[in-house]
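Those letters in the sequence shown? Residues 367 to 523, by the working numbering. Note that the Cβ used here is the ideal one computed from N, Cα and C, for glycine as well.
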Amino acid sequence: MTRCDAAGGFSLLEALLALTILAAALLPLFAVQQGATRAAAAVERAQTRAELDRAVLARLRTLNPLPAGAAMAPDLAAAVDGSRRGAFDAAGARVRWVATPTAPARRAVNAGTGTAARFLVQPFHIAARIERPGHPPRTWTVAQLGWRPLTSVNMSF
Numbered sequence: 367m368t369r370c371d372a373a374g375g376f377s378l379l380e381a382l383l384a385l386t387i388l389a390a391a392l393l394p395l396f397a398v399q400q401g402a403t404r405a406a407a408a409v410e411r412a413q414t415r416a417e418l419d420r421a422v423l424a425r426l427r428t429l430n431p432l433p434a435g436a437a438m439a440p441d442l443a444a445a446v447d448g449s450r451r452g453a454f455d456a457a458g459a460r461v462r463w464v465a466t467p468t469a470p471a472r473r474a475v476n477a478g479t480g481t482a483a484r485f486l487v488q489p490f491h492i493a494a495r496i497e498r499p500g501h502p503p504r505t506w507t508v509a510q511l512g513w514r515p516l517t518s519v520n521m522s523f
């Protein structure tokens, strides 16, 4: 009687060894995949933050921090150097701002003629605090020029 050789194929030990080698080769690939996923999430967060910053800056640029009111003489208007405050919502965040004058209010000058213009102008720093749910608040400042007409449009003709 002849003895039959073992059937062709892999033994259990060979299969386990092959799986171990495969796992050792795939682990760095999974680490790279995980790093790429984290980087993509970080880029998305940065884009969301930049979108919010652009929306806030666009809104702050529309502010006129010089108090509105009736036209007044320049000597009286120089006394309106108090701080202004406000708040608004932008892209799911609450923005609180404070405008602080950086110089006294003065009458503008026409660039072409050098004559006094019909506007009172005053430079401000606007500090904005951006508060988003689940994120730490951020604060930054922007320079802005406040203005107010000293005469009505009809009086300038």
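As DSSP reads the structure, Val464 sits in a beta bridge with Arg451, Ala493. Distance from the CA of Val475 to the CA of Thr403, rounded to the nearest whole angstrom, comes to 56 Å.
Between the alpha carbons of Arg415 and Leu423 lies a distance of about 12 Å. Of all C-beta pairs linking the region 496 to 513 to the region 456 to 476, three or more are shorter than 8 Å, placing the two stretches in contact.
Taking a 10 Å sphere around the C-beta of Ile496, we find 16 or more other C-beta atoms and assign the residue as buried. Note on geometry: alpha-carbon atoms of Ala408 and Arg451 lie some 33 Å from one another. Under the DSSP definition of a beta bridge, Pro470 lacks any partner.
With contacts defined by Cβ atoms closer than 7 Å, Ala494 and Trp463 form a contacting pair. Less than 7 Å separates the beta-carbon of Arg484 from that of Thr517.
Taking a contact as a CB-CB distance under 8 Å, the pair Leu418 and Ala459 counts as one, their CB atoms being some 6 Å apart.
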